[in-house]
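Counting from 9, one number per residue, gives the positions in the sequence shown under this note's numbering.
For glycine and all other residues, C-beta sits at the position ideal for the given N, C-alpha and C.
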Amino acid sequence: MDFNQIQELIRMVSKHKLSEFILKEGEFKLVIRNQSASESAAAQVLIPAPQPVVTMAPPPQAPPAQAAVTASADASAAPATPAAAPAADSNANLVAIKSPMVGTFYRSPSPDKPSFIKVGDSVDAGSPVCIIEAMKLFNEIESDVKGKIVKVLVEDASPVEYDQPLFLVDPS
């Protein structure tokens, strides 16, 4: 079973809101558990050798109701809330290119080569934007939108989670 198949299983478990999925093939055992929204989803691959564990967590976000309670309880938070609103509006038309897997993010195909893309570059749907290394496999990640790169959200050679935004693209 390759990494893409495991990824597809994780998506299906999440889509169908299954609490647990177990797959056994010979000595290979895959366990995918989907926990409540406040906790992270975990996938665990069990083999006779050491057992690696992959944990995926959504990007931290404060629920809107909680932010409203904080703003009303603390008078000093009121000025900060309007300042944050224009920033959110300016990002409203941007599209995020997200990581399709857990791994290590690389902006270029090798250390001595230039980056695939930089801020200000135009990308087409299907053009490579980065590489994510997962289990010693280097996966070329392609853009799913056409537009202009506005921001790179991840540092080179840093770990990324499944569905973590990597780039912001202005599709206009």
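As the crow flies, the alpha-carbon of Tyr170 is around 15 Å from that of Glu150. The shortest CA-to-CA distance from Pro119 to any of Gln13, Leu31, Val177, Asp164 is the one to Asp164. Boundaries of the alpha helix (DSSP H) harbouring Ser22: 11-23, taken from the DSSP string. Under the 10 Å beta carbon count, Ile105 is surrounded by 16 or more other beta carbons and is classified as buried.
For Leu145, the enclosing beta strand (DSSP E) stretches over residues 145-150. Out of Met143, Lys25, Gly111, the CA that lies nearest to the CA of Val168 is found in Gly111. Per the coordinates, the alpha-carbon of Glu141 lies some 8 Å from the alpha-carbon of Tyr114.
Phe36: member of the beta strand (DSSP E) spanning 36-41, first to last residue. Rounded to whole angstroms, Ile125 and Leu161 show a C-alpha spacing of 13 Å. Per the C-alpha coordinates, the member of Lys121, Ile40, Glu35 positioned closest to Gln13 is Ile40.
Straight-line spacing of the CA atoms in Lys144 and Asp10 works out to 12 Å.
Taking a contact as a CB-CB distance under 8 Å, the pair Ile157 and Phe146 does not count as one, their CB atoms being some 21 Å apart. In the DSSP assignment, Ser166 falls within the unbroken beta strand (DSSP E) covering 166-168.
Using a 10 angstroms sphere on the CB of Ser130, the tally of other CB atoms stays under 16, which defines it as exposed. Contact annotation: Val127 and Lys159 have beta-carbon atoms nearer than 9 Å. The criterion of a C-beta distance shorter than 9 Å is not satisfied by Asp152 and Leu102.
Less than 9 Å separates the beta-carbon of Ser116 from that of Ile139.
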